Structure formats: C-alpha cells, structure tokens
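In my numbering, the protein residues as written are 63 to 156.
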C-alpha cells in the first residue's frame, strides 16, 4: 500500500475477488463523494424512504441521512413503524 493510505484524508480497503487475491482501492475525499452520490440519488428519487412536506412543498429524503444529522429525527424514526406517516404540526417549519 502507498504511504497515502496513512493520510487521514484517504480511506483504503481491500477485498478478495473471486478467491484470486486482493484488490486495494484508495479513495480521496470519500465523504464528499458519498454526499454527492446521496444527493444524486435523492434528486433521482432513488432509495428515498420518506417525504417531508412543508408550506405546500414536498421533499424526498433518506431517513438514515436525516437521523444521522438530527437527534430529533432519529428519535422520531426510532419510535415510529416504518409504514407510519408522521406529520409535523402546521406551525413547525422543517
């Protein structure tokens, strides 16, 4: 592995492919790439599992992402059944 794998800005991992040894990949700016892909997926409606509605507008989202950045959403999603619809009170501005 190169020295760059020890840099905190790189993520390195290896996997065995077909029992024929390891393939090592190094990804710089992993978090930026991941966020970009999540945004693209959301914009395409892929893997979205919740819709937020406010002020007459609807926004598709990923519950896992919302829960990761908001303790409030994590608490709501933990307590609700995945088939339930949660509605914020009208005075809430999400």
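Here a beta-carbon is modelled for each residue, glycine too, at the ideal position from N, C-alpha and C. A quick note: this is a predicted structure, and the numbers were derived from the prediction, not measured.
With DSSP run on the structure shown, which of helix, strand or coil describes residue 114? Residue 114: strand per DSSP, three-state reduction.
On the premise that residue 113 lies in contact with residue 102, defined as a C-beta separation below 8 Å, what is that separation, rounded to the nearest angstrom? Not really, about 18 Å apart at Cβ, beyond 8 Å.
Which one or two residues does DSSP pair with residue 119 in a beta bridge? Beta bridge pairing from DSSP links residue 119 with 116.
Start and end of the alpha helix (DSSP H) containing residue 92? Residue 92 -> alpha helix (DSSP H) spans 92 to 105.
How big is the Cα-Cα spacing for residue 140 and residue 127? Cα to Cα, the separation comes out at about 13 Å.
Suppose the cutoff is 7 Å on Cβ atoms and the five residues either side in sequence are ignored; what does the same chain contact list for residue 104 look like? Its chain contains 110, 122, 123, 124 as the residues whose beta carbon lies nearer than 7 Å to that of residue 104, once the 5 sequence neighbours on both sides are disregarded; these appear in chain order.
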